[in-house]
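Residue 168 in the UniProt record's numbering sits at position 168 of the sequence shown, and the numbers go up by one each step. Idealized CB from N, CA, C, for every residue including glycine. Structure first, commentary second.
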Amino acid sequence: MSADHPTTSETARLNAFLADCLSVGSLKGFKHFELYLRGREELLLRIYNVGKPTTPTCETSRRNYNSLSLAKLQSNALFSPRTRQFLNNGIYANENGVSLLPSPLDKDLEKDESKTVFLIAGYARYKCPYVWLRSNHKSLIQIQDNQQLETDSPLKLDTIAAWKTQDVILWNIMAEIITLSLSPPPTNPFEIDHSYYDTLPVEECAVSTGAMVDFLQKVYLKDVEYADKGELRTEL
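As structure tokens, then:
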């Protein structure tokens, strides 16, 4: 089957993923990160950098090299030239071949050193999500001296690799990104900043709290590792 024509099952899974992006993308009040929707297919995950950047230890470098490495897309040959151009360059082309430039927001994201930004996208023609690192590349991506950093290549993540064969959902991907990006990794990547809700008007606080509790219940019911340890139950 052509890579440009996903099956009904694949389309349904991706639509469910995009629906999760829409609902989760509106949540506020997480301790370790913030979220922003950018269109129907894109979700920005901005992880707060704690303290000043330090030189990675051998162990950290090895972990980052193995886990937050750039995908070479072994199935690249399955994509059409136009699709490969989209994936590698991050640009859209209409039917007339006219390229539309990426959002100017990308350049601003690179300048903000207080957060590390990831783009989680569910483009229909790829049939599954991909994740791109949009800032702080040199601190997180370990490459060899003879390698060139390809900032427009998606990341190799266990959750993305398992997408086609396992029941991977949005917060599985988010949790992997967060735990790989922060050192030490948080025991609960979805820990809440309770002080945020203290700043909200009563009605807005009630709505925001309800939305957050609904999300945390969904995560908890998926029997994730950090729920077993009790951290997520504490948030609820």
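**Prompt:** Going by DSSP, which residues form a beta bridge with Thr11?
**Reply:** Per DSSP, none; premise fails for Thr11.
Are Leu155 and Trp132 closer than 8 Å when you measure CB to CB? yes
- [ ] In the DSSP assignment, find the alpha helix (DSSP H) that holds Phe33 and state where it starts and stops.
- [x] Segment Phe33 to Leu37 is the beta strand (DSSP E) holding Phe33; no alpha helix (DSSP H) there.
Check this for me: beta carbons of Thr116 and Ser135, under 8 Å apart or not? yes
Does the separation of the CB atoms of Glu113 and Asn188 fall below 8 Å? no
Suppose you measure from the CA of Glu204 to the CA of Tyr130; what does that come to, to the nearest Å?
33 Å
Q. Quick one: Cα of Trp171 to Cα of Tyr36, how far?
A. 15 Å
- Would you tell me roughly how many angstroms separate the C-alpha atoms of Phe215 and Leu27, rounded to the nearest one? 9 Å
Whole angstroms is fine: what's the gap from Ile192's alpha carbon to Phe30's?
5 Å
- Query: So who's on the other strand from Phe17, going by DSSP bridges?
  - Reply: None; Phe17 has no bridge partner.
- Return the CA-CA distance between Asp152 and Gly122, expressed in angstroms with no decimal places. 16 Å
Can you give me the C-alpha to C-alpha distance between Ala211 and Phe17, rounded to a whole angstrom? 18 Å
- Buried or exposed by the 16-neighbour rule on C-beta atoms within 10 Å, applied to residue 237: Since the first residue of the chain shown is 1 and the last is 236, residue 237 is not available in this structure.
Cα-Cα separation between Ala19 and Ser183, rounded to whole angstroms:
31 Å
State buried or exposed for Arg13, treating a residue as buried only when at least 16 other CB atoms are found within 10 Å of its CB.
buried
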